[in-house]
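Add 445 to the 1-based position in the sequence shown for this note's numbering, that's all there is to it. In this text, a Cβ means the ideal position worked out from N, Cα and C, and glycines have one as well. Everything below concerns the one structure shown next.
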Amino acid sequence: MPTHRLISLSALLTSLAVAPGCAFSPEETDAESTDEDAAPLTFTATPALGSPILVRDPAVASTVTIQGKLTRLSIGRASTTGQNGGNRYFVTGSDHKLQEVEISATVAAQAGGFDAILGRTVAVTGSTYSARGGLVATQLTAPASAVASLASLVSGSYTGNKRWLLIPCSFTDLANPTPHTRAYFEGLMGNTRPGLGNYWSTASHGRLSIETTVLDWQSMPNPASFYNLQTSSEKLDDLVNDCLSAAFVGGANVFDFDGFALAFSHNLENQVVAGTLQTPERTHGFSVLSPVEFSHQASVARAMGAGIDLTYSGTAALRFDSPWDVMSQGFALSPSGLSCSSLTASFGCGAVFPAAEHTALAGWLTPSQILSVPTNSSATADLDFVGTPPLPGHHGVIRVPIDATHYYTIEARKQSASTYDAGVPRSSLVIHRMDVSPLPDEPTAQQITESATRLRLVEAPAPGVTTWNGGSRLTVSFTPQATGYRVVVDRLPPPPPPPEPEPEPEPLDCWDRCRGPAYKCAQICGDY
């Protein structure tokens with residue numbers, strides 16, 4: 446009998462499941478419904494670990510109400526446009542189990558809208574289920590107490606002391622069920638370079654500290670063959686739930702942590718899934734990793750970056766091909782995809798720093814370290830290298846507004862073996878274009894997917910080039926200095942053309958110049 450999942454993550458694969466060195470290929474997120482898929486469901490509790498919690502019963506046609514706190518899973522930066530706005534909603538019971546619910550903006554308005562109900566205890570009523578397993582809400586109510594506004598739960602910054610949890614989960618029926626030791630993971634996530642605690646502390650100029658607790662290997666409750674018989678979405682859902690459940694049974698409350706990663710002992714069909722999970726307590730970073738990913742510090746850094754809510758980047762939508770950003774190709778694979786641009790001693794490929802705009806959006810630069818140059822103005826600035834705290838009076842990024850939803854960013858990068866930027870192509874000024882356009886109320890799947898790559902690489906001038914012409918009255922000139930570049934951004938209108946000279950008067954002829962009597966002028970100027 447088909448079953449429903451506790452947490453359904455298959456739609457994340459559209460924009461977030463990317464294997465290193467492989468071309469990106471979006472997958473369909475919703476299977477076509479069948480008559481059985483449209484059948485109503487009832488809930489049957491089953492206590493055994495790994496057993497289905499929700500059971501489809503086509504014979505029963507009834508309206509169902511589920512109750513718990515409303516949580517949100519976000520792909521990229523959060524929006525409040527409803528189930529189709531890039532977010533997915535779940536009801537979380539007291540046992541922290543998640544049941545997906547499909548909530549339209551119209552239904553959410555019954556209780557005051559998404560801002561008013563996120564993090565509150567709600568009762569969701571419906572009688573049908575979507576293709577991916579969410580109860581389609583027809584009615585939603587929320588008590589008047591315990592209000593937790595969206596503004597109090599979500600901010601644009603990611604700073605301070607954060608606690609992460611790494612859960613290794615093992616298929617004990619397969620060979621090599623523990624490919625790495627607990628000590629390996631502790632070093633990978635630790636605060637000694639190139640550990641990721643050190644990486645994020647350095648990238649954030651000390652404004653972010655991540656301490657990771659690593660569990661012992663948790664045995665999956667079912668053999669690998671059990672999951673291999675399932676569809677892709679069912680497989681991922683059960684893997685996540687069984688791994689999380691094993692951690693809960695082992696005494697770890699996953700939702701007490703700011704972020705968590707599930708590291709499986711064998712490569713999954715989708716090698717990495719990453720994003721954020723919004724619960725009533727906080728926004729959690731979240732990732733699912735295979736050995737091909739957690740064998741490389743850079744790949745885990747990028748997955749954590751998605752959990753920190755950093756946008757992806759590339760030269761175009763869905764093209765993760767920028768070597769200047771950990772959130773793109775900058776997880777240090779060479780252009781051929783066969784070797785690392787930067788190799789660590791123990792943890793595979795090493796990550797380059799995040800693009801400077803990430804540091805600004807995450808709150809790792811102060812407002813005085815971010816320079817904006819509006820139209821009809823110019824500015825000269827000392828722009829320090831990414832990964833180093835800007836000196837007093839210097840800047841970490843320059844923003845050049847284009848219109849209401851787009852702007853250029855200018856940053857300085859230094860290729861150096863002594864920093865995480867050992868893997869960038871060269872020392873250079875780098876220009877990106879940022880798109881902050883909101884998704885429409887009813888975006889298409891393609892619009893949601895393309896919004897994952899909001900930061901677009903525009904230019905990294907070749908060695909010896911000292912000027913970039915951005916068009917539309919924008920010129921950037923730069924000269925290297927010890928800490929970065931001296932940058933001049935010129936957005937002034939061109940000077941007005943010089944006034945046209947006054948036309949010279951026609952020269953006077955002889956008669957005009959003659960002041961004597963006419964007969965005298967005739968003698969001088971000739972016949973008239």
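Spatial neighbours of Cys794 in its own chain (CB-CB distance under 6 Å, excluding positions within 5 residues in sequence) are listed in chain order as His741, Ala743, Ala777, Cys785.
Under DSSP, Phe709 takes part in a beta bridge, and its partners are Cys614.
Ranking Ala620, Val869, Ser732 by CA distance to the CA of Ile612 puts Ser732 first. Segment contact: the region 899–915 against the region 814–827, fewer than three CB-CB distances shorter than 8 Å; contact not assigned.
DSSP, read as helix, strand or coil, puts Gly730 in strand. Glu714 counts as exposed, since fewer than 16 other C-beta atoms from the protein chains shown sit within 10 angstroms of its C-beta.
Per DSSP, the unbroken beta strand (DSSP E) holding Leu828 starts and ends at 823–829. Taking 8 Å as the cut-off, the beta carbon of Phe705 is found no closer than this to the beta carbon of Met665.
Spatial neighbours of Ser882 in its own chain (CB-CB distance under 6 Å, excluding positions within 5 residues in sequence) are listed in chain order as Thr850. Between the alpha carbons of His729 and Asp827 lies a distance of about 36 Å. According to DSSP, residue pairing for Trp609 in a beta bridge involves Thr657, Gly704. Residue pairing for Asp935: DSSP places it in a beta bridge opposite Ser823, Thr920. Using a Cβ distance threshold of 8 Å, Asp848 and Arg858 do not count as a contacting pair. About 32 Å separates the beta carbons of Gly916 and Ala648, which is beyond the 8 Å limit, so they are not a contact pair. Following the DSSP letters along the chain, one finds Ile562 inside the alpha helix (DSSP H) bounded by residues 559–562. Around the beta-carbon of Thr854, 16 or more other beta-carbon atoms lie within 10 Å, marking it buried. Leaving aside the five residues that flank Ala568 on each side, the residues in its chain whose CB is nearer than 6 Å to its CB run, in chain order, Thr510, Gln512, Thr586.
Following the DSSP letters along the chain, one finds Glu949 in no beta strand (DSSP E), marked with neither H nor E. Between Thr924 and Thr911, the CB-CB gap stays under 8 Å. Assigned with DSSP and collapsed to three states, Thr647 falls in helix.
If you draw a straight line from the Cα of Val552 to the Cα of Pro736, it comes to about 42 Å. Between Leu563 and Leu515, the C-beta gap is smaller than 8 Å, which places the two residues in contact. Distance check between Asp703 and each of Tyr603, Ala967, Glu856, Leu884 places Tyr603 closest, using alpha-carbon atoms only.
The C-beta distance from Ala800 to Asp770 rounds to 4 Å, short enough to meet the 8 Å contact threshold. Between His877 and Ser758, the C-beta spacing is below 8 Å.
Between Ser787 and Gly868, the gap from beta carbon to beta carbon is short of 8 Å. Per DSSP, Val842 lies in no alpha helix (DSSP H) segment; the continuous beta strand (DSSP E) that holds it begins and ends at 842–848. Between the alpha carbons of Arg652 and Glu545 lies a distance of about 35 Å.
In this structure, DSSP gives Lys514 an extended state, which the three-state scheme calls strand. Where Leu816 is concerned, the enclosing beta strand (DSSP E) starts and stops at 815–817.
According to the DSSP secondary-structure assignment, Gly640 is paired through a beta bridge with no residue. Per DSSP, the unbroken beta strand (DSSP E) holding Thr566 starts and ends at 566–571. Per DSSP, Arg960 has no beta bridge partner at all.
When DSSP states are grouped into helix, strand and coil, Arg878 belongs to the strand group. In the DSSP assignment, Ala743 falls within the alpha helix (DSSP H) that extends over 742–752. By a beta-carbon distance limit of 8 Å, Gly720 contacts Gly752. Their separation comes to about 7 Å.
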